[in-house]
Amino acid sequence: MAYTPTGATLHIHEPSTNNLFDVGIFKDTILPTLGYSSALAVLNYGLGRSTDTLATKDIFRPGYHVFNLWWSAVFRRVWYMGLPVGQVLKMQSRPEKLLLGGVTLWAGYRVASAASAWNKRDSKDDPKYLTTKQEEGFWNNALFKYYLPEAVVATVVALPFTAPFRHQGTVMTGYHPILQSTAVGLYTAGLALEFLADSQSSDKPGSSPVDDSIWNVLSNPKNLASTAVVASFPLLLYSSDMLAPIELLGPLAYYLFHRYTFDSSTTPESDAESAKAAAKDVKEGKVDYKAEAEEAKDEIAKVVKNKTFLTTIAIGTIVGILEGFTHGSALRFGD
Numbered sequence: 053m054a055y056t057p058t059g060a061t062l063h064i065h066e067p068s069t070n071n072l073f074d075v076g077i078f079k080d081t082i083l084p085t086l087g088y089s090s091a092l093a094v095l096n097y098g099l100g101r102s103t104d105t106l107a108t109k110d111i112f113r114p115g116y117h118v119f120n121l122w123w124s125a126v127f128r129r130v131w132y133m134g135l136p137v138g139q140v141l142k143m144q145s146r147p148e149k150l151l152l153g154g155v156t157l158w159a160g161y162r163v164a165s166a167a168s169a170w171n172k173r174d175s176k177d178d179p180k181y182l183t184t185k186q187e188e189g190f191w192n193n194a195l196f197k198y199y200l201p202e203a204v205v206a207t208v209v210a211l212p213f214t215a216p217f218r219h220q221g222t223v224m225t226g227y228h229p230i231l232q233s234t235a236v237g238l239y240t241a242g243l244a245l246e247f248l249a250d251s252q253s254s255d256k257p258g259s260s261p262v263d264d265s266i267w268n269v270l271s272n273p274k275n276l277a278s279t280a281v282v283a284s285f286p287l288l289l290y291s292s293d294m295l296a297p298i299e300l301l302g303p304l305a306y307y308l309f310h311r312y313t314f315d316s317s318t319t320p321e322s323d324a325e326s327a328k329a330a331a332k333d334v335k336e337g338k339v340d341y342k343a344e345a346e347e348a349k350d351e352i353a354k355v356v357k358n359k360t361f362l363t364t365i366a367i368g369t370i371v372g373i374l375e376g377f378t379h380g381s382a383l384r385f386g387d
């Protein structure tokens, strides 16, 4: 790992065709992050087992991101280089500060949201876990079946906001202030959507949903919202000449993990079967493309006309524009 004399991370700008997946990132980023995430997962497992509550893993898992981010970006330099916290924060670039603040806010909100849901259940476990916990010897196997695999996923998800502070290697060049503002807008829209989805959680289908509830038009808006947030980080890095290609795995890992977990009605097997059935229908000429196009058009129209969805788009657009003006003013004044 290389630093400037003040301790800032150096990024090498090389053609993206060279070393797209630099093996060095496994040593300086993935393995350390996996080690910390695994240690936190073991502590999380101990808490869950002692309280017989599997939902506690959902409360504290986002905290893995906060710990790994702040250790990678700030406290590692404080510990190994003897720099004051204030100096480390001051020497960070604008994109690095946006990462630090953005991830902390998002992950912190997810911890608070999960804790609030747990408190509303009077500290009882989430109903979606009750059947799973009835398995024989559940807690004896839970560490290796749930907690440690989730630590691996958390490590991959964290790549866009740990690697920039740890890894020196090839990055993709795509600097553009408009893309930076777009990343900020995407992040804000995703965070706003997650907040509104939580505030309307009592309006889920089957609970007399109100007309404007986002749950009326999206089956899992929180997954979409957080995926948008995580996707904004690689976009910010790319627009700042800081993106290593492997960091693109972060949003993909987040989406797939949350799509196929306990609160999902689908599994990889069911999706594969659906795809096979669809391919068979196409081969046999049983597909009414016009009807399917109309159905898809109606579904899109429902989402686009939903007031909650429009609100999140408006919030993201406004914040992105304001950030663009602020950034432009800062550049003009030499900030």
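The working numbering runs 52 ahead of the 1-based position in the sequence shown.
Note that CB positions come from ideal geometry on N, CA and C, so glycine has one too.
DSSP lists no bridge partner for Leu-95. Counting other Cβ atoms within 10 Å of its Cβ, Gly-189 stays below 16 and is therefore classed as exposed.
For the pair Gly-115 and Thr-184, the Cα-to-Cα distance works out to about 24 Å. Contact between Val-155 and Ile-111 is absent: CB atoms are separated by about 17 Å, not below the 8 Å threshold.
In the structure shown, the three-state DSSP call for Met-294 is coil. DSSP links Thr-369 through a beta bridge to no other residue. In this structure, Val-208 keeps its C-beta atom at 9 Å or more from the C-beta atom of Val-371.
For the pair Ala-215 and Glu-148, the CB atoms are not nearer than the 9 Å cut-off. Scanning its chain for C-beta atoms nearer than 7 Å, with the 5 sequence neighbours on each side dropped, one finds around Phe-119 the residues Tyr-88, Leu-92, in chain order. Using a Cβ-Cβ distance cut-off of 8 Å, the stretch 282 to 289 and the stretch 192 to 200 are not in contact, since fewer than three pairs of beta carbons, one from each stretch, lie closer than that value. In the structure shown, Met-143 falls within a coil segment according to DSSP collapsed to helix, strand and coil. Proximity to Ser-291 across Val-223, Leu-304, Val-269 peaks at Val-223, based on C-alpha coordinates. Between Pro-212 and Leu-245, the gap from beta carbon to beta carbon reaches 9 Å or more.
Per DSSP, His-228 lies in no alpha helix (DSSP H) and is assigned neither H nor E.
For the pair Phe-309 and Trp-131, the Cα-to-Cα distance works out to about 33 Å. Here Leu-243 is near Tyr-161, since their CB atoms are less than 9 Å apart. The straight-line gap separating the alpha-carbon atoms of His-117 and Leu-86 is approximately 11 Å. Residues Thr-279, Val-282, Ala-283, Pro-286 of the same chain have their beta carbon placed closer than 7 Å to that of Pro-303, with the five preceding and five following residues left out of the count. In the three-state DSSP reduction, Asn-358 falls in the coil class, being neither helix nor strand.
Leu-95 is classed as exposed because its beta carbon has fewer than 16 other beta carbons within 10 Å across all chains shown.
Following the DSSP letters along the chain, one finds Asp-110 inside the alpha helix (DSSP H) bounded by residues 108 to 122. In the assembly as shown, Tyr-239 is a buried residue. Its beta-carbon has 16 or more other beta-carbons within 10 Å. Of Arg-113, Thr-105, Tyr-312, the smallest CA-CA separation from Pro-179 is found for Thr-105. The C-beta of Val-269 has 16 or more other C-beta atoms within 10 Å across all chains shown, which makes the residue buried. Per the coordinates, the alpha-carbon of His-228 lies some 37 Å from the alpha-carbon of Ser-253. Comparing alpha-carbon positions, the option among Gly-376, Tyr-306, Ala-210 lying closest to Leu-83 turns out to be Ala-210.
Of the candidates Ser-271, Arg-311, Thr-234, the residue whose Cα lies closest to the Cα of Leu-374 is Thr-234. The residues Val-209, Ser-278, Thr-279, Val-282, in chain order, have a CB closer than 7 Å to that of Tyr-306 in the same chain once the five nearest residues on each side in sequence are set aside. Membership of Phe-309 in the alpha helix (DSSP H) is indicated by the continuous run 301 to 311. Apart from the 5 residues on each side of it in sequence, Ile-365 sits with its Cβ closer than 8 Å to the Cβ of Ala-241 in its chain, given in chain order.
Non-local C-beta neighbours of Ser-90 in its own chain, meaning closer than 7 Å and more than five positions away in sequence, comprise Leu-200, Ala-203, ordered along the chain. With respect to the C-alpha of Thr-103, the residue from Ala-194, Gln-186, Val-355, Lys-176 having the closest C-alpha is Lys-176. Annotation for Asn-358: Val-269 place their beta carbon closer than 6 Å to its own, counting only its chain and skipping 5 residues before and after.
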